[in-house]
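The block underneath contains the structure these notes are about, expressed in structure tokens.
Number of protein chains: 2
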Amino acid sequence: MPRKPNFDRNDLIERARDLFWKRGWSGTSLKDLEAELQMKPGSFYAAFGSKDALFGLAMQKYVNDGLEHLRELADKCGPINALKQWPAKAIESDNAPAKACMLSKTLLELNAHNHPLAEQASLHLLKMEEQFADLFQQAQSAGEIDKTHDPLVLARKYQSDLLGLRVSAERDGINAQAIAQEIADGISRL
Amino acid sequence: MPRKPNFDRNDLIERARDLFWKRGWSGTSLKDLEAELQMKPGSFYAAFGSKDALFGLAMQKYVNDGLEHLRELADKCGPINALKQWPAKAIESDNAPAKACMLSKTLLELNAHNHPLAEQASLHLLKMEEQFADLFQQAQSAGEIDKTHDPLVLARKYQSDLLGLRVSAERDGINAQAIAQEIADGISRL
DNA sequence: AATATACTTGAGTGATCACTCAAGAAAGAC
DNA sequence: GTCTTTCTTGAGTGATCACTCAAGTATATT
């Protein structure tokens, strides 16, 4: 009996994610979203409830896609090669919304205000870190990395390196791929 | 003949810096600044011209203080020890406005809008990097670091590590001091 | 004391913020 | 076709944004 919405919800969330990722939370106004999503305010609020709610969905998609891509990479070329290639892949795309990680951008922007989205970002970062730890452990099981290392410690440092790389990649005149290579080399030395 | 302002300009800039550092550019409203600086709008604009102008002065002070502290540390305990201790020092203070670097926060927040302050932040980061490179070179001259390394490359990676550390330090439940220690250990291995 | 020269005050500017809601339009059920 | 249910529209909400400016006040010079 009801009328169906004439949009693809998943597509809208992806476009919102790209906009939020690039411009940040306060840098993205509802007017921006209305223009990008081709929605009037009424439809927007009927569909998503609030700007924050959509931002939450956008971050969720960002993380899910990231976890999935990493898993695919690991399936294709093994855990240690995935970990080595991941940094370069994270910054290689020229048409990505931003070089920096959406989660770190959100955390830095909203943490001081104790905004719920900052906490969400923090939890998502932890989720990523757990997958890194998982890959480090798999690499240890495969005998590719010394087993005396704690995979959680390795993952924490790896995550930190990755975040630094992706901030550096936002800068002009910085050869970020060289930094990515150094991170990869660091893994080889473990 | 004129009346003197009844405030200490340098003190105002420091307090503005702390507020901007903690809350970011768009997270700090003029109302916030008026409250923190105890200034009415008229005085504020007479003294600083605009929010952006004050933000620029605040970043300038942030960098100058950073460069000076690093130089002092290097004078006190030598270039390589300064480089080793710096990461831990950057995140140790509990009453600092934020763990993350003000320059990286500004860059991430404003880069997508091509805001002049993002460019300023980028230049300031380069300035810091140059001082790091200088210390690496001094350490090489003193025979403390292998001379085959390019100090500019070392500095770039060091800066990236530092930025990552300071983003990680914003997260809850992360032992950032352990990451700082790993960065220091990395320098020892050079 | 008079004057000139700032500095301080705070109400007020238009613009934009996230968001609301009543009215109209579309599509499946009958 | 009619009804019911949902989606779409877009003008409009109060709040807040960075910022202005005319009037009042304080101080150094003469």
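So the sequence lines, in the order shown, correspond to chains R and E. Numbering-wise, the first sequence is residues 90 to 279 according to the working numbering. Numbering-wise, the second sequence is residues 90 to 279 according to the working numbering. Where a beta carbon is used, it is the ideal one built from N, C-alpha and C, also for glycine. Predicted, not measured: the structure shown is a model, and the values here were computed from it.
query                                                                                                                                                                                : result
Mind checking the region 175-203 of chain E against chain R and listing, in chain order, the residues whose C-beta falls within less than 7 Å of any C-beta there?                   : A187, A189, S193, K194, L196, L197, E198, N200, A201 and H202
Contact between the region 179-188 of chain E and the region 110-123 of chain E is defined here as three or more beta-carbon pairs at a separation below 8 Å; is this criterion met? : yes
Is there at least one Cβ from chain E nearer than 8 Å to S211 of chain R's Cβ?                                                                                                       : yes
Give me the subset of the region 95-116 of chain R whose CB atoms are less than 7 Å from a CB atom of chain E, sorted by chain position.                                             : K111, R112, G113, S115 and G116
Examine chain R for any beta-carbon lying closer than 8 Å to the beta-carbon of G155 of chain E, and answer yes or no.                                                               : no
Tell me whether the beta-carbon of L101 of chain E lies closer than 8 Å to the beta-carbon of D121 of chain E.                                                                       : no
Give the straight-line distance between the Cα atoms of N153 of chain R and A163 of chain R, rounded to the nearest whole angstrom.                                                  : 15 Å
Compare the C-beta of V152 of chain E against all C-beta atoms of chain R and say whether one is closer than 8 Å.                                                                    : no
Comparing the C-beta of S249 of chain R with each C-beta of chain E, is any distance below 8 Å?                                                                                      : yes
At a Cβ cut of 7 Å, what residues of the region 207-233 of chain R count as close to chain E, listed as they run along the chain?                                                    : S211 and L214
Measuring CA to CA, which of R:G155, R:D141 and R:G145 is closest to F221 of chain R?                                                                                                : R:G155
For S132 of chain E, which residues in chain R fall below 9 Å Cβ to Cβ?                                                                                                              : Per Cβ cutoff of 9 Å: no residues; S132 of chain E is ~26 Å from chain R at best.
Is S139 of chain E buried or exposed, if buried means 16 or more other CB atoms sit within 10 Å of its CB?                                                                           : exposed
What whole-angstrom Cβ distance do P130 of chain R and Q227 of chain R have, given they're in contact under 8 Å?                                                                     : Contact flag wrong, Cβ pair sits at about 48 Å.
Measuring straight from C-alpha to C-alpha, what distance separates H213 of chain R and S230 of chain E?                                                                             : 44 Å
Any chance the region 237-254 of chain E sits against the region 165-180 of chain E, with 3 or more Cβ pairs inside 8 Å?                                                             : yes
Please classify K194 of chain R: is it buried, with 16 or more other beta-carbons within 10 angstroms of its beta-carbon, or exposed?                                                : buried
Between H202 of chain R and the ligand MG, is the CB less than 7 Å from at least one heavy atom?                                                                                     : Inclusion of the ligand MG in the displayed structure is not the case, the ligand content being empty and no account of it being possible.
Could you check which residue in R:A265, R:H238, R:Q209 and R:A147 has the C-alpha nearest to that of R278 of chain R?                                                               : R:H238
Return helix, strand or coil for E198 of chain R, following the three-state DSSP convention.                                                                                         : helix
For K173 of chain E and chain R, any beta-carbon pair shorter than 8 Å?                                                                                                              : no
My output table needs one value for I276 of chain E: the three-state DSSP class, helix, strand or coil.                                                                              : helix
Quick one: which chain R residues come within Cβ less than 7 Å of D261 of chain E?                                                                                                   : S211
Could you give the uninterrupted runs of the alpha helix (DSSP H) lying entirely in the region 94-140 of chain R, keeping only those of 4 residues or more?                          : 98-112, 119-126 and 130-137
Find out if the Cβ-Cβ distance for the pair A201 of chain E, M148 of chain E is shorter than 8 Å.                                                                                    : no
Less than 8 Å between CB atoms is the rule here; does G145 of chain R satisfy it with respect to chain E?                                                                            : no
Taking only beta-carbon atoms, is S257 of chain E less than 8 Å away from chain R?                                                                                                   : yes
Run the CB neighbour count on E198 of chain R, radius 10 Å, all protein chains shown included, and call it buried at 16 or more, exposed below.                                      : buried
For G253 of chain R, does the three-state DSSP call read helix, strand or coil?                                                                                                      : helix
Any Cβ of chain R within less than 8 Å of the Cβ of I268 of chain E?                                                                                                                 : yes
Once DSSP output is grouped into helix, strand and coil, what is the label at K236 of chain E?                                                                                       : coil
Which whole-angstrom value is the C-beta distance of E259 of chain R and L196 of chain E, which I expect to be below 8 Å?                                                            : 6 Å
Pick out the complete alpha helix (DSSP H) segments inside the region 166-215 of chain R, 4 residues or longer, and give them in chain order.                                        : 168-181 and 191-199
Look up N153 of chain E in the DSSP assignment and say whether it is helix, strand or coil.                                                                                          : helix
Check the Cβ-Cβ distances between K140 of chain E and every residue of chain R, and say whether any is below 8 Å.                                                                    : no
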